[in-house]
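Below is one structure, written out as structure tokens, with a few remarks after it.
In my numbering, the protein residues as written are 1 to 327.
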């Protein structure tokens, strides 16, 4: 039985099948003022840049520093998104990124209460709890079950490099059979094992790993219907154009543009690899966003740190090197 106001799995599939910007989603960055509070104006400007090109946002995701947030902070970001996104035609996925199964369930309940019956919530994105040792199938199922039993649409989130655990194909198949509200899978592992042979056909598959979009798209012979990419924070128009070219059969144009974006993003990740704080998805995209759009607050991170000025300067050089205009 579906929860009040929930979106069914079929409706989720129809949304992505609509094509165009509906296939591109963004794990939105979080912006902070100098005193550490949420920068609502910067977030609104960011959504204005995203709106013509993405179907929705994930908040808070890994790129939005969701793993670093408390439950209260996660709900504050979600509240801001629900206030700002729908008016811009942007749907919302709720990131349930918490260290323990109990905290995941708690955030799911609180987020559902906050969202109410609003149809602008597409569903939850559900990652494994953090674990020093990989969790077995039984433990993963026990952690996921309280959220799945809410009836709200769920995208399972494959992120072993952060969580320490991998969702196996057998568990994905069992959960998708038992819970029709399992709508899809977001895979940011970079291994793509489930999409390449272990995922039930009815699920919407979203790729979260960075790199060339073309070979992983349906049009390029890949398994993914959509993409939920951190780089959509910085290159929404370009990634939207790549998908439009693919849908129109312009494979050469799509390949060229996707390659440029992937090269710039790869250079940015290499740039921030030496930073001893933050996470690379956040740091790389905040540096590029600061350089490209002059969003000065983008340099601020959760917890009060800021990206170094030399990193921001090199990010500007990266954009120019790959032919992208900066601010």
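Glycine residues also receive a C-beta, built at the ideal position from the N, C-alpha and C atoms.
- A buried status is given to residue 210, since no fewer than 16 other beta-carbon atoms sit within 10 Å of its beta-carbon.
- Beta-bridge annotation (DSSP): residue 158 is paired with 187.
- For residue 301, the three-state secondary structure derived from DSSP is coil.
- Unbroken alpha helix (DSSP H) stretches of 4 residues or longer found wholly inside the region 184–263: 236–247, given in chain order.
- Inter-residue distance for residue 158 and residue 125 is about 10 Å (C-alpha atoms, whole angstroms).
- Burial is judged here by how many other beta carbons sit within 10 angstroms of a residue's own beta carbon; residue 18 has fewer than 16 and is exposed.
- Distance from residue 95 to residue 59 at the Cβ level is roughly 6 Å; contact confirmed, criterion being Cβ atoms closer than 8 Å.
- A direct Cα-Cα distance of roughly 30 Å separates residue 137 from residue 218.
- Contact annotation: the region 79–89 does not touch the region 181–188, with fewer than three C-beta pairs closer than 8 Å.
- Note that the C-beta distance between residue 284 and residue 272 is below 8 Å.
- If the five residues before and after residue 324 are omitted, its C-beta is found closer than 7 Å to the C-beta atoms of 264 and 292, all from its own chain and listed in chain order.
- Taken in chain order, the complete alpha helix (DSSP H) segments of 4 residues or longer contained in the region 52–136 are 71–84 and 101–115.
- The beta-bridge partner set that DSSP reports for residue 27 consists of 58.
- Around the beta carbon of residue 192, 16 or more other beta carbons lie within 10 angstroms, which makes this residue buried.
- Under the three-state reduction of DSSP, residue 309 is assigned to helix.
- Note that the region 61–69 does not touch the region 33–46; fewer than 3 beta-carbon pairs, one per stretch, sit closer than 8 Å.
- Nearest Cα to residue 190 within the set 229, 25, 236 and 307: 229.
- The bridge partners DSSP lists for residue 38 are 32.
- According to the DSSP secondary-structure assignment, residue 182 is paired through a beta bridge with 154.
- By the beta-carbon neighbour count (other beta carbons within 10 angstroms, threshold 16), residue 105 is buried.
- Judged by DSSP in its simplified three-state form, residue 176 adopts helix.
- Cβ contact annotation for residue 98 (same chain, cutoff 6 Å, sequence separation greater than five): 104 and 107, in chain order.
- Nearest to residue 145 by C-alpha distance, out of 101, 296 and 197, is 101.
- Shortest Cα-Cα distance from residue 63 to any of 231, 114, 131 and 318 involves 231.
- In the displayed model, residue 167 falls within coil according to three-state DSSP, outside both helix and strand.
- In this chain, residue 296 is not harboured by any alpha helix (DSSP H), its DSSP state being neither H nor E.
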